[in-house]
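Going by the working numbering, the final residue of the sequence shown carries number 191, and the count climbs one at a time with no gaps.
Glycine is no exception: its CB is placed at the ideal position from the N, C-alpha and C atoms.
None of these values were measured; they are calculated from a predicted model.
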Amino acid sequence: MKRKWLINLRKDKNLTQQQVATLSFIDRGFYAQIEKGIRDPSIPVARKVAEVLSFNPAAFFSSQLDGLFRVALADSPIIVAHFDLNLKYTWSFNSHLDFNNDTIMGKTDIEVTNNEGTLQLMNLKKEVLEKQEPIRKTITFPVSDGPLIYDVFGAPLVENGSLTGGTTVSTDVTHILTGKKALDKDTMV
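Here it is, written out as structure tokens:
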């Protein structure tokens, strides 16, 4: 399956396949096969390509990781995401049905959809990076199935002593705060 998210990240940085391959110390043909989904990179190659294009290397292995998360988070109203220092998504799991994990990669929240909820989420992320400490807030998002209220927990991501971005875990608490019936699994976030 073609990795459209990877192609979009490369194009957003105005890089050719050859440039990404050279900066990642791999052959262009191999990189092209990675983009096409014909081959999977090794962990060291995934790290190098991810470093060049500024995303979390776990994105290459999402299908394998998704299985683990799906077992643990089956039918849960929980969204997990990572973002870089520019507040762009580097990895996401279990997005609301209005959004596709692959199409939000490399974008900020307001590039995905611009509303009061996404502005509050971006402010939470900025605060996490500035203070370099966990922050928790309740944020309402307007989505296709009505406004949803999330308990959002954000925390910094630090690698080898350096701040690399942050992570958020968002739990739909609409039914708790409004007294509405909990969403069934077909309409769940």
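Sort out for me which residues DSSP pairs Lys-84 with in a bridge.
Walking along the sequence shown from the start, residue 84 turns up at place 82. Checking the displayed sequence, the identity of residue 84 turns out to be His instead of Lys. His-84 pairs with Trp-93 and Thr-169.
Rounding to the nearest angstrom, what Cα-Cα distance links Thr-140 and Asn-102 in this structure?
Within the sequence shown, residue 140 is the residue found at index 138, counting from 1. Within the sequence shown, residue 102 is the residue found at index 100, counting from 1. Distance between the alpha carbons of Thr-140 and Asn-102 is about 23 angstroms.
What distance in whole Å lies between the Cβ atoms of Ile-151 and Leu-179, which are believed to be in contact at a cut-off of 8 angstroms?
Along the sequence shown, read from residue 1 onward, the residue named residue 179 stands at position 177. Along the sequence shown, read from residue 1 onward, the residue named residue 151 stands at position 149. With a Cβ gap of about 5 angstroms, Leu-179 and Ile-151 count as contacting.
Can you tell me where the beta strand (DSSP E) holding Arg-138 begins and where it ends?
The residue given as residue 138 occupies position 136 in the sequence shown. 137–145 is the extent of the beta strand (DSSP E) around Arg-138.
Kindly indicate the opening and closing residues of the alpha helix (DSSP H) around Val-154.
One-based indexing of the sequence shown puts residue 154 at position 152. Going by DSSP, Val-154 is part of no alpha helix (DSSP H) but of the beta strand (DSSP E) stretching over 148–161.
Measure the C-alpha to C-alpha separation of Val-73 and Val-154 and round it to an integer number of angstroms.
Start at 1 with the first residue of the sequence shown, and residue 73 comes out as number 71. Start at 1 with the first residue of the sequence shown, and residue 154 comes out as number 152. Answer to the nearest angstrom: the Cα atoms are 22 angstroms apart.
Quick check: the Cα distance between Leu-55 and Ser-146, rounded to an integer number of angstroms?
The residue given as residue 55 occupies position 53 in the sequence shown. The residue given as residue 146 occupies position 144 in the sequence shown. If I take the Cα positions, the gap works out to 32 angstroms.
Please confirm if the stretch 33–42 is in contact with the stretch 13–25, defined as three or more CB-CB distances below 8 angstroms between the two stretches.
Enough Cβ pairs lie closer than 8 angstroms, so yes.
Measure the Cβ-Cβ separation of Phe-57 and Thr-92 and say whether it is below 8 angstroms.
Mapped onto the sequence shown, residue 57 falls at position 55. Mapped onto the sequence shown, residue 92 falls at position 90. In this structure, Thr-92 lies closer than 8 angstroms to Phe-57 by Cβ.
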